[in-house]
Structures are given as structure tokens and as C-alpha cells.
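Chains as they are written, first to last, in my numbering: chain A, 967 to 1289; chain B, 46 to 354; chain C, 11 to 357.
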């Protein structure tokens, strides 16, 4: 019952947020200085009127807003202004799976690697493992994604392949540095994109583990004569992992924005690359559509994480009469 | 345990001595004020101190560097893409501009953006969060629901949107980043205010008749300022990071103005040729971020009284 | 002999230096016996208990010297593996704060079962059945339902009952209860204490109860050890301590118990001052600075242990032949008063 109201509350906030984003995006776009069709060239008035009518720009602002909402409800995000006869929604359908694939790989790499590292670091507090993990974590949050991307590209594409060329006399690339054509191609971008998540997760998990290790119930667990493995697994990790779950939302956001540069660097035909292109070409409908899509996606992911947290933590799941 | 056997005692051993409560209450451990103690712990943290020195150095470079090497815009088409040499220490770019002067200028711009955005976000956050926490009740509820919604909107999306819509430039960049940056700070400040509002020691001073002003200056500020300073320290590299990211997708600081972000981007355009153009500014970004993050960590550990053993 | 400590010394290494938390504690305990360790906070009671469980915080805490014998086996050098065989199986422990001592993400049933699965080789189902019995034993109602609940669904008193069930699950020879009632409401305190007493008699488990509350001691313990500044300053059976207490610190403790029958002459009075910082313990008697009968020798030399009777020993210079004779400041009927007040607690 209470879990139900918790979920309802989250869903409501999320819906409200989507609505706010849609409105903000729409009005911001209409605040834009100048005119989307003029650009550098002078366009005859007749053509301009035609274009305005075609895109409904001749109607009053509020009417256009309602129209826009109506179209959104139908899943229509409009036509791209730079790609001839391309619907924005079709671009998303075509490119998003690639980005999602890359994102999921990076997330799995980052989260699992980070959890492992965080646990090991906390269990060897102040030892060499701890130092390594802390260092890696701090480097991970300090290196911009484009630097890691470019760096691994340089290492594998040039240093490494030059060695292979010298030794084996072949230009075959075991780990390719660009495009998206099979498992081997996913390794470097997933690493570059997931590295900061790995750093963040390991840092969070380490802090959380150290916090739990000082709790009284760990003493209770030890006083039962459980083995260190049992204490660590059943009592420490199970409790320490809860707060880490909450960063999965922001982490998804980080990974998503990360795809903008990583896809550009590795020439991956994902949605991030389209987004950057549309920004550079001022393709307004595309920017609008993709912004909405990204926002809704993230809000949805946050919702999923929140609900998952509610199911996992008995204190939320079973909270009685608490709003 | 000593048994009562053959103990040799002085003749006056059993003379009465008055009890000495003061002695029993005297503190054996050295007592330090909060800030002195924090400073002592910070000084012990070598990594943090090295980072502090590094940050100081970067600050000096950002302030004085462009004065000493002002020609960051001067083209020299005779000498484009020159590798670093004795004249152009960091080489030259596609228009023959001196990369050393540009990196210095870029440092000034990047740090300026980082510090300004952090301070603006801090100010808005303190006012909004402080008001929300202080007023409490339905006002607090409403203000925090608004923040909840704003936080759920992905920062980067709003940032990009604003930058596409508004005229490009450093001012716009600062505005856009401040718009998205204050919500976290507001939450933090509100949390502090609420916590302190309900703390027993504040109740005690209220009972003793302390006024609002006194409670704010004596309890709220000293308790919250540590966390806020740490947050500020952590926020600066975040902003520099975002600027670099935005430059990378073409929405950051525009050429011929320089920032570390757009210098790295310009270098990446040439990649894999002219590697110095990419790696030098990228290294500056990385080491500055590292220094801020590590120093922030050290500061947090030093300021957190719970870390006191 | 179930447990025997000899001249146990425990230190903690902190950034400021060594804190000598326990400075030579000796006592022994027979099967089924109930003893109390009494003293102010920071006097070394809990650290003594943690040493007996092999639970000293590592790496800061260490046994400096002395011996701990559990059923005749020297345990001070036990490996972690050996301690695991002791904890929960031979010795159970009840902690002070039931709000934080239970794992918030595990059902009560699972938390009781764990030890059983570990030590008794039971499977999950058997362990859960036994956990059910244990919950009935500690008088928790609706066991069928409660066993599948989480700690936050339990009240403070019920949580402490669940803690007792965890500690007793494997039928240990000894239970160490570290301030088991301090964090509870006064009315609940009496209930939990009664439960502990009844279970002790029923199961014939030995109990070390750690407390600063002499009222708690009187209702449950057979023997009492008063600790101060990391050493035992007076030890004896209940009668020795309550009627014939010889150490000024014991007198102080007695005078600070609230009682209904106090006269003006023996009004409630606190002990002035604070215990010594064990970071730099005094050379002489740790209580010297707060003592109304302090002598020169008290400041310079540690008092020797004086045997008053077979059961009663005191570490105080006042009992030395050369010292002036001092009468107990306690009003003679005081001890019976303590008995009465103890009765009153349970009404």
C-alpha cells in the first residue's frame, strides 16, 4: 500500500517534470533570435510564407504550443530541417539503439568494475589496494571523456598498431579504434565512456562500505561468529550497495551526455552524434526533438531507479503511514 | 596486580591530601579550536598541500600569464603548425598563433568561468536554500518541489538548449551554467539549515535567549561553512569540465578567444597530427581538475569533525 | 572455570598516542554465574568485554599483555578463525543500542538463523524453526508474523528481545550484556532485565553484565566488580559491595543511586570531577584526584590489592595497616534501602 503511494508520487513528479521540460523547451526555442529559415541567404517572401505555413509558424504562440503538445502526444516530433524528408522520430528509432547498446555496455563495465574496486578498497582500508582505487577514482573523475577517448585511440590506433605492423607485418587491428561493426569495435568506446562511471561507483561504494563497517550491526554479525566472507557479503555489501543504487540515475545521465563526444571520436552512428551535428547545424526541430527525447529518457531512468530502490530497501518498501 | 606484601613507603605516605577536582578535569589532550584543528589536519595531508600549491600556481599563471604573454590572437601565417621550439614553447596552431600565450589566456578564461559560475551558483543556492529551510512549512515544501523538478531535468540538455538559443559568448556560458548549477547547492544549504535548526545546541541557546542573528552567526555559519567551502572547491573543476565538454561539441568559448576546452577541441580537430596541440591543453585541464578534486577531498576530511579521532 | 582473565592489559593506538584502556584486569567466572562490571563510561568495561569476544577494533586495539582463558584454553593469541568458533557458539553478546545493532535490511528471523546455520549445521528451515522457538522464549507475540519482519517494524524493547534471542540462539555458555538496558525507556528496562534474569535461571547461562547502574546490578548479579580508570578497584559478592563496600569510589557510586528512603544526612550526591584520561593515566590511584580521603601515597603509587575476605578484595591505600582508619560514610540502613528500591523498580 505504502509502496504503491511511493511509486505513484514518483510517477507524478516525473510526469510533471516531463511537462515542465516540454514547455521550457518550446518557449525557449521560440525565444530564439532571428529566424530559422533566413540564415545567410535572403529568401523571397512568398517562399518564406510558404515555409512558415508548412511548419505552422504563422499561428499565434499559444496555439502553436497546443498544437505542439498535440503532436507530441501522437509521438510526432516534426521534420528535420537539415535532412531532407527525415522525421525526427525516425532518426531516433534508427540511431538510439546504437547509443543504448554503447551506453549499456559502458554502464555494466563501470558499475561492476566500480563495485568490485570499491569493495576491495574498503576491505583493505589504507592499504595499497585502497590507494590504487582512490587514485583511479580521482583520475577517473578528473579526466574528461574526450581525453580518455582520444588517448586510447592514440594508444591502440597508432602506438600499438605500429608495433604490430613492425612485428607481424600486418595492418590488422585487433581492437579497432573507430566505427561500430562488431564486438571488437565496442571495446574502446565502452571503456572510454564507462571509465568515469567506474571511478564514481568505486568511490561511492568505498565510502558507503566504510560507513557500514562502522555500524553496530556489523559488530553484532561478528559476535555471531560468522566468517569474514559472510559478514562482508550478507551484512556489509548488502547494506552498502543501497546508496550506490541512487547514483545510477545521474550516472545514466553522465553516460548519455558522454555519448555526445565518444560517438563523435569513435565515429559511431548513434544518437549523440546526430545531436552534436544538429547543434552545429542549428537544426531546430531536431534539437528540440532530441532534447525532449533525452530528457524524457533520463527522467524515466531516474524513475526506474527510484522505484527499484523502493523495492530493494525494506525501510521504504514497508514504511507505514509515511508520505 | 601488586600484592600487599613488602612495600616500602615513605614516612609521610599516609598524610591526607585535599582532593583535586581541577586536576581531574584538566584536559590532558591538546585542545584546539575548530579551524586550527582543521588546518593541522590539512597540513598533515601531503597530497592536499601539494594540490593547494599547484592551485596557487595555476591561479598566478591565470592572472599574470596573459599580462606577460598578451599575443594570444596574433596570427602568423608564415609559421603554422610549428612544433614546440625555443620561440613558441608550446608550438603554434593552424593560424600560427602562439600556443603558449593561448594556453595562458585559456587558463584565465577557464578558471574565470569556473570560479564565477561556482560563486553565482553558491549565492543563489545559499539564498534559496537558506530561505526555504528558514521559513519551513508549506513554503519550504513548495520551494523544494520546484528544486526536485529542476534537478530531474538533465543539466546538459538545458545547458545546450540555452546556448543554442542565446547569443554565444562567455557571458552566456556563465549564465547558462549558473542556471543549472545552483539547485544542488540550494538543497545542501537547506539541509544544513534544517539540521541546525533542530539541533539541541541551538535549542539550548534559544532557551538561553539568543536572537536569530546570534544563532545564524554563531551556530549556522560555523557549522555549515565547512561543507559549503568543500562543495565550492568541488564545483570549480566541474564547471571547467563542462566548459571543455561544451567546447568539444562546439558550444563553448568561441575562437579567437581561448579556453582550455576550445584549445583541446582545436587540437582534436588535427588529431592524430600535431599531437602537442591536443595533449598540452588537455593535460592542463586534467591536472587542474585533479588538483581541485584532491584538495577538495583533503579539505572535506580536514573539516569534518567526525573524522577527528 | 569458564572464563579466567589474568592481568589483562589492552591499549589503543590513536594519532595522539597510546590510550591504555584496560590496565591489568583479573577475574574469573564459573559456569552459570552472573557477575556485573560496574563503572562510569570510559573506565574500560566495554573494552574488557570486547577482548573476551576477540572483537577489539583492529588495528588500533591490541592486547598488550595478560591472559584470557576460555574453558581453560588460552585465547589471547587466537586467530580470527578460532575466535569465530567462540563467538556466538560459546559466548553470545548483547549490545547497548538495539536501534543500531540489528541489520536493517535483513528479517529478524534471518538474523537469528545465521548463527544457527553457522554453528549448529542446521539448514535454513530448521534454523528458522529454532528462531521461532527463540522468539517465543524471549516473549515476542505473534511470532509467526514477527519472524518475517524487519527491525524497523519492531519497537526498541522488542528489538532488544530479538538481540537476546540472537545471543542465546546457540546455547552459549556465557552471554556478555553490554549496557543492555541503557538505551531503553525506564519501563521497558525492567521488563528486559526480568526477561534476562529468567532466561539466565532457565538456561543456566553465565552472564557478564556491564552497566553503570547499580540498580541493574542488584537485581541480577551475584558478584560485582567495580572498575575505574582501567582497573578493578573493588570486587566482591553483592553483599560485600552493598553492605561492606570499602573503596571510596564504591561509596560514591552508592551515594549517587536515587532512593526513596533518603534522609537529609545521606542525601543524593554525585561524585565530583571526571575520570582520568587514559591517554596519560596517573601513576598512583586513578581515583586520587576525586577522592575525599586522598593521601600522599595515593598520588604516587598504585594501591595494592587488599583481601578483606575470601570473596571480597579492594585496591585502596586506606586498607593499608599504616593508614588512618576510615568509617564508611554510608548510613547503615542504606544497603537495605537499595534492596527496597530495587524492588520498587519492578512494580
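All C-beta atoms, glycine included, are put in the ideal place defined by N, C-alpha and C.
Only a predicted model underlies this, so the values are computations on that prediction, with no experimental measurement involved.
Skipping 5 residues on each side, what residues in its chain have a beta carbon closer than 7 Å to that of residue 120 of chain B?
Taken in chain order, the residues that qualify are 140, 141 and 142.
Pick from A:984, A:1081 and A:1261: whose alpha carbon is nearest that of residue 1099 of chain A?
Nearest of A:984, A:1081 and A:1261 to residue 1099 of chain A, Cα basis: A:1081.
Do residue 308 of chain C and residue 293 of chain C have their CB atoms nearer than 7 Å?
Going by C-beta atoms, residue 308 of chain C is not nearer than 7 Å to residue 293 of chain C.
DSSP state of residue 246 of chain C mapped onto helix, strand, coil:
It is a strand residue.
Going along the chain, which unbroken runs of the alpha helix (DSSP H) with 4 or more residues stay wholly within the region 87-161 of chain C?
Correct list: 90-96, 118-130, 134-147 and 153-156.
Does the beta carbon of residue 219 of chain B come closer than 7 Å to any beta carbon on chain A?
Closer than 7 Å: no.
Inter-residue Cα distance where the pair is residue 159 of chain C and residue 108 of chain C:
CA-CA distance, residue 159 of chain C to residue 108 of chain C, rounds to 15 Å.
Anyone know if the C-beta pair for residue 177 of chain B and residue 230 of chain B falls short of 7 Å?
The criterion of a C-beta distance shorter than 7 Å is not satisfied by residue 177 of chain B and residue 230 of chain B.
Positions along the region 268-299 of chain B whose CB lies within less than 8 Å of some CB in chain A:
Answer set for the region 268-299 of chain B: 282, 286, 289, 290, 293, 294, 295 and 296.
Residue 1201 of chain A beta carbon less than 7 Å from that of residue 113 of chain C
Their beta carbons are under 7 Å apart, which means residue 113 of chain C touches residue 1201 of chain A by this criterion.
Could you tell me whether the Cβ atoms of residue 32 of chain C and residue 239 of chain C are closer together than 7 Å?
The Cβ atoms of residue 32 of chain C and residue 239 of chain C do not sit closer than 7 Å to each other.
What does the alpha-carbon distance come out to for the pair residue 1242 of chain A and residue 1227 of chain A?
Rounded to whole angstroms, residue 1242 of chain A to residue 1227 of chain A spans 8 Å at the Cα level.
Identify which residue in C:35, C:14 and C:70 has its Cα closest to the Cα of residue 25 of chain C.
With respect to the C-alpha of residue 25 of chain C, the residue from C:35, C:14 and C:70 having the closest C-alpha is C:70.
Quick check: does the Cβ of residue 1066 of chain A come within less than 6 Å of any heavy atom belonging to the ligand FAD?
This structure simply doesn't include the ligand FAD, nor any ligand for that matter.
For residue 185 of chain C, the nearest candidate out of C:28, C:40 and C:156 (CA to CA)
For the residues C:28, C:40 and C:156, the minimum Cα distance to residue 185 of chain C belongs to C:40.
Who pairs with residue 22 of chain C in a beta bridge, going by DSSP?
Per DSSP, C:29 and C:71.
Using beta carbons (cut-off 7 Å, strictly below), is residue 1201 of chain A in contact with chain C?
Interface residue, yes.
Check distances from the C-beta atoms of the region 1220-1245 of chain A to those of chain B and list, in chain order, the residues that come in under 7 Å.
From the region 1220-1245 of chain A, only 1223, 1226, 1227, 1242 and 1245 have a Cβ closer than 7 Å to chain B.
On a CA-only basis, which of B:117, B:116, B:138 and B:144 is nearest residue 126 of chain B? Give me that one, please.
Of the candidates B:117, B:116, B:138 and B:144, the one whose C-alpha sits nearest the C-alpha of residue 126 of chain B is B:138.
Segment contact flag, the region 1087-1102 of chain A with the region 1168-1187 of chain A, C-beta cutoff 8 Å, min 3 pairs:
Taking a cut-off of 8 Å on C-beta distances, the region 1087-1102 of chain A touches the region 1168-1187 of chain A, as three or more cross pairs fall below it.
For chain A, check one thing: does any of its Cβ atoms lie closer than 7 Å to the Cβ of residue 97 of chain C?
Residue 97 of chain C has a beta carbon lying within less than 7 Å of a beta carbon in chain A.
In terms of residue numbering, what span does the beta strand (DSSP E) encompassing residue 315 of chain C cover?
Its beta strand (DSSP E) spans residues 315-317.
Selection from B:237, B:300, B:282 and B:260 that minimises the alpha carbon distance to residue 269 of chain B
When C-alpha distances from residue 269 of chain B are compared across B:237, B:300, B:282 and B:260, the shortest belongs to B:237.
Between the Cα of residue 1127 of chain A and the Cα atoms of A:1116, A:1115 and A:1143, which residue gives the shortest distance?
Ranking the options by Cα distance to residue 1127 of chain A, first place goes to A:1143.
Starting from residue 233 of chain C, follow its DSSP beta bridges and name the residues at the other end.
Beta-bridge analysis with DSSP links residue 233 of chain C to C:45 and C:247.
Residue 110 of chain C versus residue 213 of chain B: straight-line alpha-carbon distance, rounded
Residue 110 of chain C and residue 213 of chain B have their C-alpha atoms spaced approximately 54 Å apart.
Between B:300, B:102, B:288 and B:148, which has its C-alpha nearest residue 323 of chain B's C-alpha?
The shortest Cα separation from residue 323 of chain B among B:300, B:102, B:288 and B:148 belongs to B:148.
Range covered by the alpha helix (DSSP H) that runs through residue 206 of chain C
Unbroken alpha helix (DSSP H) run through residue 206 of chain C: 196-213.
Cross-chain neighbours of residue 1181 of chain A in chain C, by beta carbon under 8 Å:
Residues of chain C whose Cβ lies closer than 8 Å to the Cβ of residue 1181 of chain A are, in chain order, 110.
Any idea what DSSP makes of residue 1069 of chain A, helix, strand or coil?
Assigned with DSSP and collapsed to three states, residue 1069 of chain A falls in helix.
Between the region 277-289 of chain B and the region 321-337 of chain B, do three or more beta carbon pairs fall short of 8 Å?
Flag = yes, the region 277-289 of chain B and the region 321-337 of chain B touch.
Do you know whose CA, among A:1251, A:1260 and A:1193, lies nearest residue 1223 of chain A's CA?
Check the Cα spacing between residue 1223 of chain A and each of A:1251, A:1260 and A:1193: the tightest is with A:1260.
Taking the alpha helix (DSSP H) that residue 149 of chain B falls in, what are its first and last residues?
Segment 144-180, the alpha helix (DSSP H) holding residue 149 of chain B.
Against chain B, with Cβ distances strictly below 7 Å, would residue 11 of chain C count as a contact?
False, the Cβ-Cβ gap to chain B never drops below 7 Å.
Using a C-beta cutoff of 7 Å, does residue 1005 of chain A count as contacting chain C?
Because the pLDDT at residue 1005 of chain A is just 48, under 50, the model does not fix this residue reliably, and the value given afterwards should be weighed accordingly. For residue 1005 of chain A, not one C-beta of chain C is nearer than 7 Å to its own C-beta.
At a Cβ threshold of 7 Å, is residue 61 of chain B touching chain C?
At least one beta carbon of chain C lies nearer than 7 Å to the beta carbon of residue 61 of chain B.
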